[in-house]
Amino acid sequence: MVYRESFKVQSRDKAVSFHDVTEQTKEAVKKSGVKNGIVVVYSHHTTCSVITQECAFDMSMTGLETLQQDLVNVFEDIIPTYRSEGMYLHPQAQALVFAEEHGEDARGCHNTDAHLRSSIIGRNVTIVIADGEADLGEFGRVHFIDWDQTRARQRTVQIMIIGE
Amino acid sequence: MVYRESFKVQSRDKAVSFHDVTEQTKEAVKKSGVKNGIVVVYSHHTTCSVITQECAFDMSMTGLETLQQDLVNVFEDIIPTYRSEGMYLHPQAQALVFAEEHGEDARGCHNTDAHLRSSIIGRNVTIVIADGEADLGEFGRVHFIDWDQTRARQRTVQIMIIGE
Amino acid sequence: MVYRESFKVQSRDKAVSFHDVTEQTKEAVKKSGVKNGIVVVYSHHTTCSVITQECAFDMSMTGLETLQQDLVNVFEDIIPTYRSEGMYLHPQAQALVFAEEHGEDARGCHNTDAHLRSSIIGRNVTIVIADGEADLGEFGRVHFIDWDQTRARQRTVQIMIIGE
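Protein chains in written order, with my numbering: chain A, 96 to 259; chain B, 96 to 259; chain C, 96 to 259.
Laid out in structure tokens, this is it:
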């Protein structure tokens, strides 16, 4: 059996966005009727990721849960936010022309940090379905991350379920 | 065809634990009867990961294979073990209350490094099954990692096989 | 339905290699006839990875796209290329003997950085297939990475498609 659905989340400008998509994931598993298999939660975008993590309850000053902010802070050390030209090789002349031709402004094109963070975390999680439930563990949540801080926009989340 | 099984491994206190689960993975593929498909080896826990890597033969002073210890050392640089309060934002007041309500002591709650390392590596591997064998490569092994150094406990490994 | 194919790419010596395998991935999805499901692009090797990323158009001096070079540069900071003995614990005596027994020379065995980078990025991507197409996003490409800089050789890419 294969079951697919997709939906959109609204990211924010000037900050990394985390979206809790646990309820949508659980509901999709229920709707699919799959008892044993996998659920893949997948980002359509090359500057986004999906992870599973616990809820941390307490919030940081940027409006993230503390554990989410800790993850952002780790990446701020190893892949800092693109703040001044030349921090990264990308984008250069041809990338900027291509972006302009596709309606992206110069600021939006300087999201190299988001591409790199997404490459390291990956664009999907694969969760085992056991006895009709996504096996998230006692406190596990599914978080869709938009690493791109250069603009607010709608982002597409794909859920794909395969099993019996 | 879908085949699932799960089993437990016993992690250790005060150190990162690696468990070689290659034989269990290979045996599950054999039992499943799947000739072409995937095997997902999955951690039920948000402070654990699964990777595939070679055996390094030589051992480090903490009892890990040298290549495993090198991986731990890389993480010790970018996401150091939680040693003094305030190193990470998480956990704060509400997380500590929640943990206490669920029988977790204060030390066990300060495993932020384990949550973050697990987020970066991910909680599962997906291995292609070709001609009835998990395609691990000539020397590939499957390692279940418990990043949580705050206590020894039983951890659940899930194996899910899908194919024909 | 399950569809599998594999093919080889030729990596280069003394540099990280990126191979764009997007066309092979798209063609395999078409050949499979799967309308909804997943395509797993998988590395047979423990020193390789697969990611999805955009094309950056502009090239670095080592012959990589700028965004690929930026990713290599991030890893050069956190997991530097093995340049002088003792930088990493691995390989030690038993690993060197094992390698020699399997026809690997001493230089080829000092690819610890490649093993570690592959562990962090992972060996596969899982891409959702929606309406008969791999949902890569508007500009998404599939890149097979050979992190091993110690020799040029043929590398095996596996494509596994599961769905309906």
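Backbone N, C-alpha and C define an ideal beta-carbon position, used for all residues, glycine too.
Exercise. Count the other C-beta atoms from every protein chain shown that fall within 10 angstroms of the C-beta of residue 255 of chain C, then say buried if there are 16 or more, exposed otherwise.
Key: buried
Practice problem: Spatial neighbours of residue 155 of chain B within its chain, please: CB distance less than 6 Å, with the 5 preceding and 5 following residues excluded, ordered by chain position. | Solution: 161 and 164
Practice problem: Tell me residue 103 of chain A's beta-bridge partners as DSSP assigns them. | Solution: A:251
Self-check item: Endpoints, beta strand (DSSP E) assigned at residue 152 of chain B
Solution: Unbroken run through residue 152 of chain B: none, as it is neither H nor E.
Quiz item: Which bits of chain A does residue 215 of chain C rub up against, with CB to CB less than 8 Å?
Solution: 215
Practice problem: In angstroms with no decimal places, state the Cα-to-Cα distance between residue 213 of chain C and residue 98 of chain C. | Solution: 25 Å
Quiz item: Got a sec: is the Cβ-Cβ distance from residue 177 of chain B to anything in chain A below 8 Å?
Solution: no
Exercise. Pull up the CB-CB distance for residue 141 of chain B and residue 251 of chain A, whole angstroms please, since I reckon it's below 8 Å.
Key: No, residue 141 of chain B and residue 251 of chain A are not in contact; Cβ-Cβ is about 25 Å, not under 8 Å.
Self-check item: Contacts that residue 234 of chain C makes with chain A (C-beta to C-beta distance below 9 Å)
Solution: 141, 193 and 197
Quiz item: Within the 8 Å Cβ cut-off, does residue 258 of chain A reach chain B?
Solution: yes
Quiz item: Of all the residues that make up the stretch 112-132 of chain C, which are near chain A by a beta-carbon distance shorter than 8 Å?
Solution: 131 and 132
Quiz item: Is the Cβ of residue 185 of chain C closer than 8 Å to any Cβ of chain B?
Solution: yes
Exercise. Taking only runs that begin and end inside the stretch 112-152 of chain A, name each unbroken beta strand (DSSP E) of 3 or more residues, in chain order.
Key: 112-115, 132-138 and 143-149
Practice problem: Just the C-alpha distance for residue 170 of chain B and residue 177 of chain B, rounded to the nearest angstrom, thanks. | Solution: 12 Å
Quiz item: Skipping 5 residues on each side, what residues in its chain have a beta carbon closer than 8 Å to that of residue 247 of chain A?
Solution: 105, 106, 107 and 108
Quiz item: By the criterion of Cβ-Cβ separation under 8 Å, what are the contact partners of residue 138 of chain C in chain A?
Solution: In chain order: nothing, as chain A lies at least about 14 Å away.
Quiz item: Can you list the residues of chain A that residue 97 of chain B reaches, using a CB-CB cut of under 8 Å?
Solution: 131, 132, 258 and 259
Exercise. Quick one: list the residues of chain A neighbouring residue 147 of chain B, beta-carbon separation under 8 Å, in chain order.
Key: Neighbours of residue 147 of chain B on chain A: none; closest Cβ ~14 Å, over 8 Å.
Quiz item: Is residue 253 of chain A close to chain C, meaning its C-beta is less than 8 Å from at least one C-beta of that chain?
Solution: yes
Quiz item: If residue 236 of chain A sits next to residue 117 of chain A, beta carbons under 8 Å apart, how far is it from one beta carbon to the other, in whole angstroms?
Solution: 5 Å
Quiz item: Are the beta-carbon atoms belonging to residue 249 of chain B and residue 230 of chain A less than 8 Å from one another?
Solution: no
Exercise. Give me the Cα-Cα distance between residue 113 of chain B and residue 203 of chain C, rounded to the nearest whole angstrom.
Key: 25 Å
Self-check item: Paired residues, beta bridge with residue 98 of chain B - DSSP
Solution: B:256
Self-check item: Identity of the residue in A:121, A:195, A:198 and A:179 nearest residue 136 of chain A by Cα
Solution: A:121
Quiz prompt | Residues near residue 132 of chain A in its chain [Cβ-Cβ closer than 7 Å; skip 5 each side] | solution = 224, 256, 257, 258 and 259
Quiz item: Excluding the five sequence neighbours on either side, which residues of its own chain have a C-beta within less than 6 Å of the C-beta of residue 167 of chain C, listed in chain order?
Solution: 111
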